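Enquirer:
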Amino acid sequence: MASKSASNNSSSNKKKSTSSSNVDKFKCPEEFITRPTKTEQQHQEIEPTILSNIYLHPKTIKALELSINSICCITKVGALGGGIAGIVSPLCNKDEEDIDYTNIIGIPKPLRSVSNLLLGDRVKVTKLSQQPLYCESVTVAILNNINDATAETHIRNYLNKVGLVMPGMCFNTDNINFIITDLNNSTNDSDLTSKISNLSLENANNKSFVDYLPFLAPPGIVNPKKKTTIIVEPHVHNDKHDTKYNLPQPLTYSNVGGLSKEIEVLRNCINLPLTKPEIFQEFGVSAPRGVLLHGPPGTGKTMLLRCVANEVDAHVLTINGPSIVSKYLGGTESKLREIFEEARKFQPSIIFIDEIDSIAPQRNNDESGESESRVVASLLTLMDGFSGGSGSTMDKLVVVGATNRPNCIDSALRRPGRFDQEVEIGIPDVDSRYDILLKQFDKMTPEKKVDITDEVIYDIASKTHGYVGADLIALCRESVMKAIQRTKSDGTDNTTTLSIRDIEDALLEIRPSAMREIFLETPKVYWSDIGGQEYLKTKLQEMIELPLKYSDVFNKIGVKAPRGVLLYGPPGCSKTLTAKALATESGINFLAVKGPEVFNKYVGESEKAIREIFRKARAASPSIIFFDEIDALSPNRMDDTGSATANHVLTSLLNEIDGIEELNGVVIVAATNKPDQIDPALLRPGRLDRHIYVGPPDYDARLQIIKNNIKKFQMENEDVVARLSDLTEGCSGAEIVLMCQEAGLAAIMENLENTERVEWKHFEKALDNMERGITKEMLDYYKEFSK
Numbered sequence: 001m002a003s004k005s006a007s008n009n010s011s012s013n014k015k016k017s018t019s020s021s022n023v024d025k026f027k028c029p030e031e032f033i034t035r036p037t038k039t040e041q042q043h044q045e046i047e048p049t050i051l052s053n054i055y056l057h058p059k060t061i062k063a064l065e066l067s068i069n070s071i072c073c074i075t076k077v078g079a080l081g082g083g084i085a086g087i088v089s090p091l092c093n094k095d096e097e098d099i100d101y102t103n104i105i106g107i108p109k110p111l112r113s114v115s116n117l118l119l120g121d122r123v124k125v126t127k128l129s130q131q132p133l134y135c136e137s138v139t140v141a142i143l144n145n146i147n148d149a150t151a152e153t154h155i156r157n158y159l160n161k162v163g164l165v166m167p168g169m170c171f172n173t174d175n176i177n178f179i180i181t182d183l184n185n186s187t188n189d190s191d192l193t194s195k196i197s198n199l200s201l202e203n204a205n206n207k208s209f210v211d212y213l214p215f216l217a218p219p220g221i222v223n224p225k226k227k228t229t230i231i232v233e234p235h236v237h238n239d240k241h242d243t244k245y246n247l248p249q250p251l252t253y254s255n256v257g258g259l260s261k262e263i264e265v266l267r268n269c270i271n272l273p274l275t276k277p278e279i280f281q282e283f284g285v286s287a288p289r290g291v292l293l294h295g296p297p298g299t300g301k302t303m304l305l306r307c308v309a310n311e312v313d314a315h316v317l318t319i320n321g322p323s324i325v326s327k328y329l330g331g332t333e334s335k336l337r338e339i340f341e342e343a344r345k346f347q348p349s350i351i352f353i354d355e356i357d358s359i360a361p362q363r364n365n366d367e368s369g370e371s372e373s374r375v376v377a378s379l380l381t382l383m384d385g386f387s388g389g390s391g392s393t394m395d396k397l398v399v400v401g402a403t404n405r406p407n408c409i410d411s412a413l414r415r416p417g418r419f420d421q422e423v424e425i426g427i428p429d430v431d432s433r434y435d436i437l438l439k440q441f442d443k444m445t446p447e448k449k450v451d452i453t454d455e456v457i458y459d460i461a462s463k464t465h466g467y468v469g470a471d472l473i474a475l476c477r478e479s480v481m482k483a484i485q486r487t488k489s490d491g492t493d494n495t496t497t498l499s500i501r502d503i504e505d506a507l508l509e510i511r512p513s514a515m516r517e518i519f520l521e522t523p524k525v526y527w528s529d530i531g532g533q534e535y536l537k538t539k540l541q542e543m544i545e546l547p548l549k550y551s552d553v554f555n556k557i558g559v560k561a562p563r564g565v566l567l568y569g570p571p572g573c574s575k576t577l578t579a580k581a582l583a584t585e586s587g588i589n590f591l592a593v594k595g596p597e598v599f600n601k602y603v604g605e606s607e608k609a610i611r612e613i614f615r616k617a618r619a620a621s622p623s624i625i626f627f628d629e630i631d632a633l634s635p636n637r638m639d640d641t642g643s644a645t646a647n648h649v650l651t652s653l654l655n656e657i658d659g660i661e662e663l664n665g666v667v668i669v670a671a672t673n674k675p676d677q678i679d680p681a682l683l684r685p686g687r688l689d690r691h692i693y694v695g696p697p698d699y700d701a702r703l704q705i706i707k708n709n710i711k712k713f714q715m716e717n718e719d720v721v722a723r724l725s726d727l728t729e730g731c732s733g734a735e736i737v738l739m740c741q742e743a744g745l746a747a748i749m750e751n752l753e754n755t756e757r758v759e760w761k762h763f764e765k766a767l768d769n770m771e772r773g774i775t776k777e778m779l780d781y782y783k784e785f786s787k
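Numbering follows the UniProt record's numbering, in which position 183 of the sequence shown is assigned residue number 183; successive positions increment by one, without gaps.
#1: For HIS57, name the three-state secondary structure that DSSP assigns.
#2: Can you tell me whether ASP631 is buried or exposed? The criterion is at least 16 other CB atoms within 10 Å of its CB, across all chains shown.
#3: In three-state terms, what does DSSP make of GLY465?
#4: Which of the three DSSP states, helix, strand or coil, is assigned to SER197?
#5: Across the region 432-442 and the region 453-463, are there enough close Cβ pairs to call them in contact, namely three or more that are closer than 8 Å?
#6: Name the residue from TYR101, ILE324, LEU247, GLU30 whose alpha carbon lies nearest to the alpha carbon of VAL123.
#7: Could you spell out where the alpha helix (DSSP H) holding VAL578 opens and where it closes?
#8: Around the C-beta of GLY120, are 16 or more other C-beta atoms found within 10 angstroms, so that it is buried, or is it exposed?
#9: What is the C-beta distance between LEU66 and CYS73, in whole angstroms, given that I count them as a contact (C-beta under 8 Å)?
#10: Over what stretch of residues does the beta strand (DSSP E) that includes ASN636 continue unbroken?
#11: From GLU742, ARG687, GLY81, THR672, pick the residue whose C-alpha is nearest to that of ASN709; which is it?
#12: Quick check on VAL737 - is its C-beta less than 8 Å from some C-beta in chain C?
#13: Determine the direct distance from the alpha carbon of TYR101 to that of ASN218, and round the result to whole angstroms.
#14: Kindly identify the DSSP beta-bridge partner or partners of ASP182.
#15: To the nearest angstrom, report how far apart ILE155 and THR173 are at their CA atoms.
#16: May I have the straight-line CA-CA distance separating MET303 from ALA579, to the nearest angstrom?
#17: Pick out whichever of GLY298, GLU764, LYS787, LEU703 has its Cα sitting closest to the Cα of GLY257.
#18: In angstroms, rounded to a whole number, what distance separates the CA positions of ARG374 and PRO90?
#19: Determine, using beta carbons only, whether GLY220 and PRO108 come nearer to each other than 8 Å.
#20: Which residue marks the beginning of the beta strand (DSSP E) containing ASP354, and which one marks its end?
#21: Report the CB separation of LEU567 from ILE692 in whole angstroms; it is logged as a contact under 8 Å.
#22: Kindly indicate which residue of SER323, SER479, THR487 has the alpha-carbon position closest to the one of ILE500.
#23: Considering only C-alpha positions, which residue in the set LYS443, VAL376, LYS396 is nearest to ARG414?
#24: With three or more beta-carbon pairs closer than 8 Å as the criterion, would you say the region 333-350 touches the region 460-479?
#25: Check GLN704 in the structure and name its three-state DSSP category.
#26: When the Cα of CYS573 is compared with those of LEU582, GLY695, PHE215, which residue comes out closest?
#27: Residues in the same chain with beta-carbon distance under 7 Å from residue 796, minus the five sequence neighbours each way, listed in chain order, please.
#28: Just to confirm the assignment, what range does the beta strand (DSSP E) spanning ARG122 have?
#29: Secondary structure at residue 788, three-state DSSP: helix, strand or coil?
#30: Whole angstroms are fine: how far does the CA of PRO570 sit from the CA of LYS776?
#31: Please tell me whether ASP420 and GLN347 are closer than 8 Å, where the distance is taken between their beta carbons.
#32: With a threshold of 8 Å on Cβ separation, who are the neighbours of GLY163 within its own chain once the five nearest residues in sequence on each side are excluded?
#33: Buried or exposed: ARG35, going by 16 or more other Cβ atoms within 10 Å of its Cβ?
#34: Just reading off the alpha helix (DSSP H) that TYR253 is part of, what are its end residues?
#35: Quick check: LEU379 and LEU336, are their CB atoms within less than 8 Å of each other?
#36: Using the C-alpha atoms, what's the distance from PRO675 back to ARG637?
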């Protein structure tokens, strides 16, 4: 018996040591994934007694040194500010403890509404050293129009059962929707100040006060024995009662500016399949299963997804393309399957695949290997595996993909039944930019934006071509920073207010994302910097600037704007400088392309470069594409002098300018010294149909060029300018500028230590060394071409 007892003791000790070693081996997750509670998953009526509970795996509770019914703080990962309070409860019973739920936290909807947590968000859990205080009073606001006299009594009884409450918690019970707006009547600032002043490091209550700091808003316990006072505010038409605590507001479609058409498409493609899939079954058709959002970064793809998730209270599982790629064979496919299984478990759900082109590239591409093909095949199989049953058995699941390279995705994904709809979230136009800016400036109080009227906002919108939503938000933020810096530099105690000047200063620093890859910091050249050429300036304004700025007027009377302009003439006669001035003065997006840089040694890359230039110009319209040395891109095909690559580039250029796809809001400006070497197909009406000769400057133009370049020469005799203008007849503008520079250099070389002015002798030296590049034969050549 003794030996048997000893063996039993040893076996029990062995079990204890085994169980303790298992506990020791358990590694508690640092972050937890927000999930709905079991009651919410089963769509059952939720008892108020569990609305303040949060659910964790028993192993996790033990590892975090928590206990059942203790109170902890839940904070969203990456969020600024504090978190929410919750009562700890076990996620599963003893029979389910072996299931791997250790990284999951179940949070009921009223608690999620305080910090605007979406299902699928990552949170952290921390232990509290002391529980929150009891509430003296709870202030609530009824959100729907209820005139029932018993509503106050019903709310009081309901909150007594809830127990732990926080400002921002929303409840829906017996057709009464209400939100907690405040606790303990703490709107009395003097009373709150006196309470804080009474706190000390030695005071025991000081610990409770410090414990409130991790929270977004102070939690409290409703005590039915002490009869916590319930204060009911009258009915209001909005739910913005939590501004006192600056709680995060849920993103809704009303927060999104400039995407009304895209929002309507998403409502049809996502909301209905998630909320009422049985409607499609009644008509014998399958619900949309996938939506592909494509467009430049910062246009609002992820923001729209969060709006959808908030509106339908869907469970969101986010896949960042490269993050699921595994180095082990089959690891990536396994992760994909786990995510889809989880989405089926927590319906309605949205699987959001960001940068989908990185995990599902074209399989017929030489760059994609065997592993990429397996991932694409797995994704196709999983998307085809959605349940198409009737009514309640139909999966309430939608896959949303996002990319800025839609043509790089495997074509098998882009068919009905997989990604049924493709929604382009493009670069906003002027009306969309106005809508976005209006929503941003509406967040500011009126006293902070004294001079910022709707007309000023529209003027800003008209100047921000190529700006996406993220750029406009950054512009508003940078404007506020400029206003704060200006107030500080003034050295006064004036209240900081936003001015138009602050916004204009911010515009110089915020670059448009849509043009970032090809954005050129062109020198600020104005029409006044170009001597003479008045006819050229007027024609460019009439043909380019006015049609782009006033397109509505042209459409009204049925006049089409010129498609392209060719500037031709001798070298150095301000063709490129004129294009720079046009970009500066018009404020329109400007893409400068040097002819030879388009060519690439790889087959097809040169044509691709042309297509990419026009794609970006269309996306960022209104815009100007300036081709310098256009003759390098468009050799005359009749002469058989151009290479095969040059001919292919020319064909691409012709198709882009006047092909099937309309070139709206884009004007081509080209410059060349050899107009007769350009293919005639490019010069016909509908393409580069306006030809402007840019010849040598006349007397008045030369006079202005010289004055512009000798402003700091300290010239005493003004007759020198007129004399120089006579002597430089037939010279190009570039040669006149060089002459002035050489004269200045001669003066410096004569007296390096103390150069005060430039004299006539220095100009004589410069004139003697000047070589004239424009000949009579050259001028006759251009005259012949003009005919």
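Think of the CB as a built atom: it goes at the ideal place given N, C-alpha and C, for glycine as much as any other residue. Given the structure is predicted, the values throughout are model-derived calculations rather than measurements.
Expert: According to the structure shown:
#1: As a working mapping, residue 57 is identified with position 57 in the sequence shown. If DSSP states are grouped into helix, strand and coil, HIS57 belongs with coil.
#2: Against the sequence shown, residue 631 aligns to sequence position 631. By the neighbour-count criterion, in which 16 or more other beta carbons inside 10 Å mark a residue as buried, ASP631 falls on the buried side.
#3: If you number the sequence shown from 1, residue 465 lands on position 465. The sequence given here has His at residue 465, not Gly. In the structure shown, HIS465 sits in coil (DSSP, three-state: anything other than H, G, I, E or B).
#4: Counting from 1 along the sequence shown, the entry for residue 197 is found at position 197. Bear in mind that the predicted position of SER197 carries a pLDDT of just 39, short of 50, making it unreliable; the figure below should be weighed with that in mind. In this structure, SER197 counts as helix in the three-state DSSP scheme.
#5: yes
#6: Your numbering for residue 123 matches position 123 in the sequence shown. Here the closest residue by C-alpha is GLU30.
#7: The residue given as residue 578 occupies position 578 in the sequence shown. The sequence shown places Thr at residue 578, not Val. 575-586 is the extent of the alpha helix (DSSP H) around THR578.
#8: Against the sequence shown, residue 120 aligns to sequence position 120. Its Cβ being crowded by 16 or more others within 10 Å, GLY120 is buried.
#9: Start at 1 with the first residue of the sequence shown, and residue 66 comes out as number 66. Start at 1 with the first residue of the sequence shown, and residue 73 comes out as number 73. Not really, about 11 Å apart at Cβ, beyond 8 Å.
#10: Numbered from 1 along the sequence shown, position 636 holds the residue referred to as residue 636. First-last for ASN636: undefined, no H or E at that position.
#11: For the purposes of this step, residue 709 is taken as residue 709 along the sequence shown, with counting starting at 1. Ranking the options by Cα distance to ASN709, first place goes to GLU742.
#12: No chain C is present in this structure, which holds just one protein chain.
#13: The sequence position of residue 218 within the sequence shown is 218, counting from 1. The sequence position of residue 101 within the sequence shown is 101, counting from 1. According to the sequence displayed, residue 218 carries Pro and not Asn. Their backbone Cα atoms lie some 30 Å apart in a straight line.
#14: The sequence position of residue 182 within the sequence shown is 182, counting from 1. According to DSSP, ASP182 bridges with THR139.
#15: Here residue 155 corresponds to residue number 155 of the sequence shown, with the count starting at 1. Here residue 173 corresponds to residue number 173 of the sequence shown, with the count starting at 1. Going from the Cα of ILE155 to the Cα of THR173 covers about 9 Å.
#16: Position 303 of the sequence shown holds residue 303. Position 579 of the sequence shown holds residue 579. Computed Cα separation, rounded: 38 Å.
#17: Start at 1 with the first residue of the sequence shown, and residue 257 comes out as number 257. Of GLY298, GLU764, LYS787, LEU703, the residue nearest in Cα terms is GLY298.
#18: Along the sequence shown, one-based indexing puts residue 374 at 374. Along the sequence shown, one-based indexing puts residue 90 at 90. Going from the Cα of ARG374 to the Cα of PRO90 covers about 39 Å.
#19: Walking along the sequence shown from the start, residue 220 turns up at place 220. Walking along the sequence shown from the start, residue 108 turns up at place 108. No. Outside cutoff.
#20: To locate residue 354, count along the sequence shown from 1; it is residue 354. Where ASP354 is concerned, the enclosing beta strand (DSSP E) stretches over 349-354.
#21: Position 567 of the sequence shown holds residue 567. Position 692 of the sequence shown holds residue 692. Rounded, the Cβ-Cβ distance is 5 Å, consistent with contact.
#22: Along the sequence shown, read from residue 1 onward, the residue named residue 500 stands at position 500. Out of SER323, SER479, THR487, SER479 has the C-alpha closest to the C-alpha of ILE500.
#23: Counting from 1 along the sequence shown, the entry for residue 414 is found at position 414. Measuring from the Cα of ARG414, the nearest candidate turns out to be VAL376.
#24: With a cut-off of 8 Å on Cβ pairs, the region 333-350 is not in contact with the region 460-479, counting fewer than three such pairs.
#25: By 1-based counting over the sequence shown, the position of residue 704 is 704. It is helical.
#26: As a first step, residue 573 must be located in the sequence shown, where it is residue number 573. Closest option to CYS573, Cα to Cα, is GLY695.
#27: The question about residue 796 has no answer, for the chain in this structure spans 1 to 787.
#28: In the sequence shown, residue 122 corresponds to position 122, counting from 1. Here the beta strand (DSSP E) through ARG122 covers 122-127.
#29: Because the chain is modelled from 1 through 787, residue 788 falls outside the range shown and cannot be assessed.
#30: In the sequence shown, counting from the first residue as 1, residue 776 sits at position 776. In the sequence shown, counting from the first residue as 1, residue 570 sits at position 570. Each residue's alpha carbon lies about 11 Å from the other.
#31: For the purposes of this step, residue 420 is identified with residue 420 of the sequence shown, where counting begins at 1. For the purposes of this step, residue 347 is identified with residue 347 of the sequence shown, where counting begins at 1. The answer is no: Cβ separation not under 8 Å.
#32: Stepping through the sequence shown from its first residue, residue 163 is reached at position 163. Excluding positions up to five away in sequence, the list reads THR49, SER52, ILE87, ILE221, VAL222.
#33: What you label residue 35 is simply residue 35 of the sequence shown in a count that begins at 1. It counts as buried.
#34: Start at 1 with the first residue of the sequence shown, and residue 253 comes out as number 253. Unbroken run through TYR253: none, as it is neither H nor E.
#35: The residue given as residue 379 occupies position 379 in the sequence shown. The residue given as residue 336 occupies position 336 in the sequence shown. Against a cut-off of 8 Å, the Cβ pair of LEU336 and LEU379 comes out as a contact.
#36: Counted from its first residue, the sequence shown places residue 637 at position 637. Counted from its first residue, the sequence shown places residue 675 at position 675. Using only the alpha carbons, I get a separation of about 14 Å.
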